[in-house]
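Trainee: After the structure tokens below, expect a handful of questions from me.
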Amino acid sequence: MSATLHSIAGSRSFRVLWLLHELGEPVEVVPYQIMDGSLQQEGFKAISPARRVPALEIDGRVLIESGATVQYLCETRKGHDLMPPVHADERADWLQWLHYAETLGGGIQNLNMQHLFLPKPEMRSLTVMGIETKRLAIALKGVEKALSDGRDYLLPTGFSAADVMMGFTLTSARRYVRFEGFPHLTAYQARLEARPAYSAAQVAEGPQQFYTQDFYELPEG
Ligand SMILES: N[C@@H](CCC(=O)N[C@@H](CS)C(=O)NCC(=O)O)C(=O)O
Numbered sequence: 001m002s003a004t005l006h007s008i009a010g011s012r013s014f015r016v017l018w019l020l021h022e023l024g025e026p027v028e029v030v031p032y033q034i035m036d037g038s039l040q041q042e043g044f045k046a047i048s049p050a051r052r053v054p055a056l057e058i059d060g061r062v063l064i065e066s067g068a069t070v071q072y073l074c075e076t077r078k079g080h081d082l083m084p085p086v087h088a089d090e091r092a093d094w095l096q097w098l099h100y101a102e103t104l105g106g107g108i109q110n111l112n113m114q115h116l117f118l119p120k121p122e123m124r125s126l127t128v129m130g131i132e133t134k135r136l137a138i139a140l141k142g143v144e145k146a147l148s149d150g151r152d153y154l155l156p157t158g159f160s161a162a163d164v165m166m167g168f169t170l171t172s173a174r175r176y177v178r179f180e181g182f183p184h185l186t187a188y189q190a191r192l193e194a195r196p197a198y199s200a201a202q203v204a205e206g207p208q209q210f211y212t213q214d215f216y217e218l219p220e221g
């Protein structure tokens, strides 16, 4: 039986969708939207108690955290080199990058709330927006620094599922932080987006609907 991914296009669910494509695993996508109330349906609440995506139904279970889902898929699927073995030197780095993507993800989520989802502009906090943008830029600098030794991917040995966690995150981060000062990140993101599985997953998820601008400036204040 193929997997079912509850997904919002342009959200963290892309991590899981992209990884499934890298692994060649069939998946059916059930689309939701962030603001239309579809996440609040009782049926979805039974699948995802926090009413968030991704939620992946697979192997008779439901997985509701993108990082855990990525690790589970790597551990249960054979014949790939997307995760270093448990005792390999790079395993700790792999785990760290897998979760570092959520350090970025949390900041992006706060900025999404401020820029896109608050019902009225006067509810925004310019202070919070400024601080979160700065914190996101600092966290991105950490990735830029790691890539500056000439490696193509987060692990020196090559592409892994940690890059899948990070890849989607960069796409969103770039709507709030300009990448001009991050040449390695810019090249890395282009490298990730050139992967056939990335494009195939983009087609499978459909167009995202909540970002209406390529870049969101901090409001004047
Ligand atoms: N740590 C979770 C975060 C899940 C999450 O917050 N997903 C967002 C989309 S990127 C969501 O469903 N938001 C809906 C909401 O907050 O109402 C993960 O990595 O899966």
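Reminder that position 142 of the sequence shown reads as 142 in the UniProt record's numbering, one-by-one numbering, no gaps.
Beta carbons are placed, not taken as given, at the ideal position from N, Cα and C, and that holds for glycine.
(1) If I measure Cβ to Cβ from G79 and keep anything under 7 Å in the same chain, skipping five residues before and after, which residues do I get?
(2) If you draw a straight line from the alpha carbon of I58 to that of E205, how long is it in whole angstroms?
(3) In chain order, what residues of the same chain lie with their CB nearer than 6 Å to the CB of M166, ignoring the 5 residues before and after it?
(4) Count the other C-beta atoms from every protein chain shown that fall within 10 angstroms of the C-beta of I8, then say buried if there are 16 or more, exposed otherwise.
(5) Bridge partners for R61 per DSSP, in chain order?
(6) Considering only residues of the same chain and omitting the five flanking positions on each side of Q213, which have a CB-CB separation below 8 Å?
(7) Report yes or no: do three or more beta-carbon pairs, one from the segment 25-42 and one from the segment 181-194, lie closer than 8 Å?
(8) Under the criterion of a Cβ to heavy atom distance below 8 Å, does L192 qualify as lining ligand 1?
(9) For the beta strand (DSSP E) containing R186, list its first residue and its last residue.
(10) Below 9 Å between beta carbons: does that hold for L17 and L73?
(11) Measure the Cβ-Cβ separation of W94 and P84 and say whether it is below 9 Å.
(12) Check whether the Cβ of R52 sits closer than 8 Å to any heavy atom of ligand 1, and report yes or no.
(13) Output yes or no for whether 9 Å exceeds the beta carbon distance between residue 227 and P54.
(14) Taking just the CA atoms, how far does P49 sit from N112?
(15) Any idea what DSSP makes of T69, helix, strand or coil?
Mentor: In this structure, then:
(1) Counting from 1 along the sequence shown, the entry for residue 79 is found at position 79. Hits under 7 Å: none found.
(2) Translated into the one-based positions of the sequence shown, residue 58 becomes position 58. Translated into the one-based positions of the sequence shown, residue 205 becomes position 205. Note on geometry: alpha-carbon atoms of I58 and E205 lie some 18 Å from one another.
(3) Your numbering for residue 166 matches position 166 in the sequence shown. In the same chain as M166, and ignoring 5 residues on each side of it, the C-beta atoms closer than 6 Å to its own belong to A101, in chain order.
(4) Mapped onto the sequence shown, residue 8 falls at position 8. I8 comes out buried.
(5) As a working note, residue 61 is residue 61 in the sequence shown. Looking at the DSSP assignment, R61 forms a beta bridge with I58.
(6) As a first step, residue 213 is located in the sequence shown; it is residue number 213 there, counting from the start. Cβ neighbours of Q213 within its own chain (closer than 8 Å, five residues either side excluded): R175.
(7) With the cut-off at 8 Å, the segment 25-42 and the segment 181-194 do not touch.
(8) Residue 192 sits at position 192 when you count from the first residue of the sequence shown. Remark: the C-beta of L192 is outside contact range of ligand 1, defined as less than 8 Å to any heavy atom.
(9) Working through the sequence shown from its first residue, we reach residue 186 at position 186. Rather than Arg, the amino acid found at residue 186 in this sequence is Thr. First-last for T186: P183 to E193, but that is the alpha helix (DSSP H), not the beta strand (DSSP E).
(10) The sequence position of residue 17 within the sequence shown is 17, counting from 1. The sequence position of residue 73 within the sequence shown is 73, counting from 1. Not a contact, by the Cβ cut-off of 9 Å.
(11) On the sequence shown, residue 94 is found 94 positions in, with the first residue counted as 1. On the sequence shown, residue 84 is found 84 positions in, with the first residue counted as 1. Yes; because the gap between Cβ atoms is below 9 Å, this pair is in contact.
(12) Translated into the one-based positions of the sequence shown, residue 52 becomes position 52. Inclusion of R52 in the 8 Å shell around ligand 1 follows from its C-beta lying nearer than that to a non-hydrogen atom of the ligand.
(13) No answer is possible for residue 227: it lies beyond the span of the chain, which begins at 1 and ends at 221.
(14) Numbered from its first residue, the sequence shown carries residue 112 at position 112. Numbered from its first residue, the sequence shown carries residue 49 at position 49. Distance between the alpha carbons of N112 and P49: 22 Å.
(15) The count along the sequence shown starts at 1 and reaches residue 69 at position 69. In the structure shown, T69 falls within a helical segment according to DSSP collapsed to helix, strand and coil.
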